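Q: In the working numbering, the protein residues as written are 8 to 217. Note that CB positions come from ideal geometry on N, CA and C, so glycine has one too. The model shown is predicted, which means the values in this text are computed figures rather than measured ones. Okay, handing you the structure first.
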Ligand SMILES: [Zn+2]
């Protein structure tokens with residue numbers, strides 16, 4: 008009886024936490040350091056198996072290598088316990104929420120990221136599906152996308168100066184638009200707390216540390 012209760016307590020930490028999924032040694036060492044503040048026991052299986060399928064356009068093999076490093080970083084970050092904690096515990100004005108969250112809780116946003124169902128294909132395949140095209144423009148736009156296209160456009164003016172974590176931040180930001188998350192067109196301090204900006208930044212900062 009006691010064991011049964013204990014198991015229930017362990018399993019109820021978070022509704023889509025998968026009990027019994029063990030991380031491999033490498034990932035475990037990376038991601039268990041700052042776990043004290045969160046009550047979940049582990050990352051869900053869908054975080055562990057999160058994947059990416061990216062098609063490149065107007066890129067050289069060297070460009071693709073740099074993008075691939077960034078994509079590897081995104082996968083590493085998304086599978087980590089720190090990422091789960093940072094998304095679930097994200098606050099704006101002292102409240103656990105994101106700006107422009109579409110009425111979704113932090114936990115729902117985390118779940119949507121792991122499901123990977125872009126608004127155009129709606130398939131929950133646990134994968135970041137996207138087309139990436141490199142272009143050059145002497146503007147302040149780092150990248151952009153259109154809601155009717157699976158493609159994101161990355162400005163080479165910034166891509167070539169960015170570190171891997173900078174590219175990862177930008178790709179994650181644009182992909183979050185593909186999941187339907189938005190932000191204001193013009194800068195306001197609160198825009199930094201929108202899903203694309205805040206989670207893009209989380210990916211970049213954790214990516215540098217993992
Ligand atoms: Zn954006």
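Could you compute how far the alpha carbon of residue 125 sits from the alpha carbon of residue 185?
A: In a straight line, the C-alpha of residue 125 is about 5 Å away from that of residue 185.
Q: Within the region 101–149, note down every full alpha helix (DSSP H) run reaching 4 residues or more, in order along the chain.
A: If we require 4 residues or more, the alpha helix (DSSP H) runs fully inside the region 101–149 come out as 113–122.
Q: Across which residues does DSSP place residue 58 in a beta bridge pair?
A: Looking at the DSSP assignment, residue 58 forms a beta bridge with 134.
Q: Buried or exposed for residue 51, going by 16 or more other Cβ atoms inside 10 Å?
A: Buried, because 16 or more other Cβ atoms sit within 10 Å of the Cβ of residue 51.
Q: Helix or strand or just coil, what does DSSP make of residue 63?
A: Strand at residue 63.
Q: Output the residues surrounding ligand 1, defined as those with a CB atom closer than 6 Å to any ligand heavy atom, in chain order.
A: That query returns the following residues: 180, 184, 190, 203.
Q: So residue 158 is in the beta strand (DSSP E); what residue range does that whole segment cover?
A: Looking at the DSSP string, the run of the beta strand (DSSP E) that includes residue 158 is 158–162.
Q: Relative to the alpha-carbon of residue 189, which residue among 53, 153, 160 has its alpha-carbon at the smallest distance?
A: Closest by alpha carbon: 153.
Q: I need the straight-line Cα distance from residue 140 to residue 156, nearest angstrom please.
A: One C-alpha to the other measures close to 12 Å.
Q: Return the CA-CA distance between residue 113 and residue 61, expressed in angstroms with no decimal places.
A: Spanning the two alpha carbons is a distance of roughly 26 Å.
Q: State the Cα-Cα distance for the pair residue 200 and residue 99, rounded to the nearest angstrom.
A: Taking the straight line joining both Cα atoms gives about 7 Å.
Q: Where residue 34 and residue 90 are concerned, what is the direct C-alpha to C-alpha distance, given to the nearest angstrom?
A: Confidence at residue 34 is low in this model, with a pLDDT of 32, below 50, so the placement of that residue should be treated as unreliable; the coordinate-derived value is given next. So the two alpha carbons sit approximately 12 Å from each other.
Q: Select from 173, 204, 197 the residue whose C-alpha is nearest the C-alpha of residue 80.
A: Out of 173, 204, 197, 173 has the C-alpha closest to the C-alpha of residue 80.
Q: So, is residue 136 buried or exposed, given that buried needs 16 or more other C-beta atoms within 10 angstroms?
A: Its Cβ being crowded by 16 or more others within 10 Å, residue 136 is buried.
Q: Measure the CB-CB distance between residue 85 and residue 120 and report whether it falls below 8 Å.
A: Yes. Within cutoff.
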